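Engineer: Sharing a structure below in structure tokens format, with a few things to ask.
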Amino acid sequence: MMPRFLSRDFRLLQLFTRIVEHGGFTQAQAALNLGQSTISTQMAALEQQLGVRLCHRGRSGFRLTEEGERVYQAAQRLFAATADFQGEVASLRGGLAGDLSLHVVDNIATNPACRLSRAIERFTRRSSRARLTVTVDVPDNIELAVLDGRCHVGVGSFFHHSAGLRYEPLFTERQVLVCGRKHPLFGKAEEALTVESVSRHAFIAHGYAQQQILDVPPAGSAFHMEAIALLVLSGRYIGYLPDHQAAHWVDRGEMRVLLPAALGYTARFEIVTRGTGLRSNLVEAFVAHLHEAHLLPRVVSAIA
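Sequential numbering from 1 applies to the sequence shown in full-length UniProt numbering.
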């Protein structure tokens, strides 16, 4: 049986997660302000306490063992639960305090309908003791992070609602199909374009969504809008981008929107939080600021 878990072990777990997130002992030295021998000694102490080998290190590089991966995921849940506890206790003394983790999808800051920055400004002004961390990720990973407690609030376009999560509509985004200036379709007359003719060209799909508009087998996929933009600019592919992002290149003559009425679509962006149990006061306050900033009623779509 593992010995009682002490505060020193908690600090060692924090060290371990920082090493994992930096990709190894050497890479973590500067961030941790520790020498490699000190890091090695402390990691050995953690492995001895847990009774398992957490990682392989040496000339072949840094790599987690299966046990190390499980400990890393469990540690993330532990830290999230600890932060929730600290926030709840702080709220009992009056005011809002604690850590709040917000995960969002990429390239939404330029969407005029997205008012996250306004919500953040109001939240941090009224909750000065709260510590906000923002992470950019893909929708599937955001949902997983909310489920296991690493993320308190997520914002994205979620194509399939997951059981145990709570979804609330926030804003919309128009997606348009585009090609680059070097693509054969760029110079075609508008009247010469049809859905059938456009569908014959190599198409890059969103890696995290089943495309419902252009019903063709994709030539490849990308998980970030920036990656899709790079592939489209190569002139070899067509792909979907948010209209506010595509406008940057369309205005400069580097991209063209293809059949916007027939092939464009509207994506709904939602808040996602845990659906089981009560949300912390800190999460409730932030979600309220999100709705206030976007001037929406508190309509909830939940799958329990």
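Each residue gets a CB set at the ideal place from its N, CA and C atoms; glycine is no exception.
A quick note: this is a predicted structure, and the numbers were derived from the prediction, not measured.
Just the C-alpha distance for residue 222 and residue 159, rounded to the nearest angstrom, thanks.
Structural biologist: As a first step, residue 222 is located in the sequence shown; it is residue number 222 there, counting from the start. As a first step, residue 159 is located in the sequence shown; it is residue number 159 there, counting from the start. Each residue's Cα considered, the two are about 16 Å apart.
Engineer: By how many angstroms is the C-alpha of residue 67 removed from the C-alpha of residue 55?
Structural biologist: Along the sequence shown, read from residue 1 onward, the residue named residue 55 stands at position 55. Along the sequence shown, read from residue 1 onward, the residue named residue 67 stands at position 67. Those two C-alpha atoms are separated by around 8 Å.
Engineer: Quick check: what's the CA-CA separation for residue 289 versus residue 244?
Structural biologist: Here residue 289 refers to the residue found at position 289 when the sequence shown is read from its first residue. Here residue 244 refers to the residue found at position 244 when the sequence shown is read from its first residue. Cα to Cα, the separation comes out at about 24 Å.
Engineer: For residue 269, does the three-state DSSP call read helix, strand or coil?
Structural biologist: For the purposes of this step, residue 269 is taken as the residue at position 269 of the sequence shown. If DSSP states are grouped into helix, strand and coil, residue 269 belongs with the strands.
Engineer: Taking C-alpha atoms, which residue in 14, 168, 154, 178 lies nearest to residue 230?
Structural biologist: Numbered from 1 along the sequence shown, position 230 holds the residue referred to as residue 230. Looking at the Cα atoms, 178 is the closest of the given residues.
Engineer: Where residue 97 and residue 22 are concerned, what is the direct C-alpha to C-alpha distance, given to the nearest angstrom?
Structural biologist: One-based indexing of the sequence shown puts residue 97 at position 97. One-based indexing of the sequence shown puts residue 22 at position 22. If you take the alpha carbons of residue 97 and residue 22, they lie about 28 Å apart.
Engineer: I'd like the list of long-range same chain contacts for residue 269, defined as Cβ closer than 7 Å, with 5 residues on each side in sequence excluded.
Structural biologist: Sequence index remark: in the sequence shown, residue 269 carries index 269 (1-based). Once the five neighbours on either side are set aside, the close Cβ partners of residue 269 are 155, 156, 157, 170, 171, 172, 173.
Engineer: Pick out whichever of 115, 213, 259, 218 has its Cα sitting closest to the Cα of residue 204.
Structural biologist: Residue 204 sits at position 204 when you count from the first residue of the sequence shown. Ranking the options by Cα distance to residue 204, first place goes to 218.
Engineer: Looking only at C-alpha atoms, which of 133, 140, 116 sits nearest to residue 152?
Structural biologist: By 1-based counting over the sequence shown, the position of residue 152 is 152. Among 133, 140, 116, the Cα nearest to that of residue 152 belongs to 133.
Engineer: By Cβ distance below 6 Å, which residues in the same chain neighbour residue 108 in space, the five residues on each side in sequence not counted?
Structural biologist: The count along the sequence shown starts at 1 and reaches residue 108 at position 108. Counting only Cβ-Cβ distances below 6 Å, and skipping sequence neighbours, we find 114.
Engineer: Helix, strand or coil: which one does DSSP assign to residue 67?
Structural biologist: In the sequence shown, counting from the first residue as 1, residue 67 sits at position 67. Residue state, collapsed to three classes: helix.
Engineer: Which residue's Cα is closest to the Cα of residue 251: 180, 103, 85?
Structural biologist: As a working note, residue 251 is residue 251 in the sequence shown. Looking at the Cα atoms, 180 is the closest of the given residues.
Engineer: Taking the runs of the alpha helix (DSSP H) that are 4 residues or longer, which of them lie wholly in the stretch 129-206?
Structural biologist: Correct list: 139-147, 195-199.
Engineer: Taking the beta carbon of residue 304 as the centre, do at least 16 other beta carbons fall within 10 Å, making it buried, or is it exposed?
Structural biologist: Here residue 304 corresponds to residue number 304 of the sequence shown, with the count starting at 1. Note on residue 304: pLDDT 28, under 50, position unreliable in the model; the coordinate value appears next. Per the 10 Å Cβ criterion, exposed.
Engineer: In this structure, does DSSP put residue 104 in helix, strand or coil?
Structural biologist: Residue 104 sits at position 104 when you count from the first residue of the sequence shown. If DSSP states are grouped into helix, strand and coil, residue 104 belongs with the strands.
Engineer: State the DSSP-derived secondary structure class of residue 241, mapped to helix, strand or coil.
Structural biologist: Stepping through the sequence shown from its first residue, residue 241 is reached at position 241. In the structure shown, residue 241 sits in a strand (DSSP, three-state: E or B).
Engineer: Would residue 167 pass as an interface residue toward chain D - the criterion being a Cβ-Cβ separation below 8 Å?
Structural biologist: In summary, chain D is missing from the structure at hand, where a single protein chain is found.
Engineer: Which full runs of the alpha helix (DSSP H) of 4+ residues lie inside the UniProt domain "HTH lysR-type" (8-65), going along the chain?
Structural biologist: 25-32, 36-50, all fully within the UniProt domain "HTH lysR-type" (8-65).
Engineer: Could you tell me the alpha carbon to alpha carbon distance between residue 8 and residue 273, rounded to whole angstroms?
Structural biologist: Indexing the sequence shown from 1 puts residue 8 at position 8. Indexing the sequence shown from 1 puts residue 273 at position 273. So the alpha carbons of these two residues sit roughly 31 Å apart.
Engineer: Can you grab the Cα-Cα spacing for the pair residue 263 / residue 80, in whole Å?
Structural biologist: As a working note, residue 263 is residue 263 in the sequence shown. As a working note, residue 80 is residue 80 in the sequence shown. Cα to Cα, the separation comes out at about 42 Å.
Engineer: With H, G and I counted as helix, E and B as strand and the rest as coil, what does DSSP make of residue 109?
Structural biologist: For the purposes of this step, residue 109 is taken as residue 109 along the sequence shown, with counting starting at 1. In the structure shown, residue 109 sits in coil (DSSP, three-state: anything other than H, G, I, E or B).
Engineer: Which one or two residues does DSSP pair with residue 253 in a beta bridge?
Structural biologist: By one-based count along the sequence shown, residue 253 stands at place 253. Its beta-bridge partners do not exist; DSSP assigns none.
Engineer: May I have the straight-line CA-CA distance separating residue 364 from residue 130, to the nearest angstrom?
Structural biologist: Outside the displayed span of the chain (1 to 304) sits residue 364, for which this structure offers no information.
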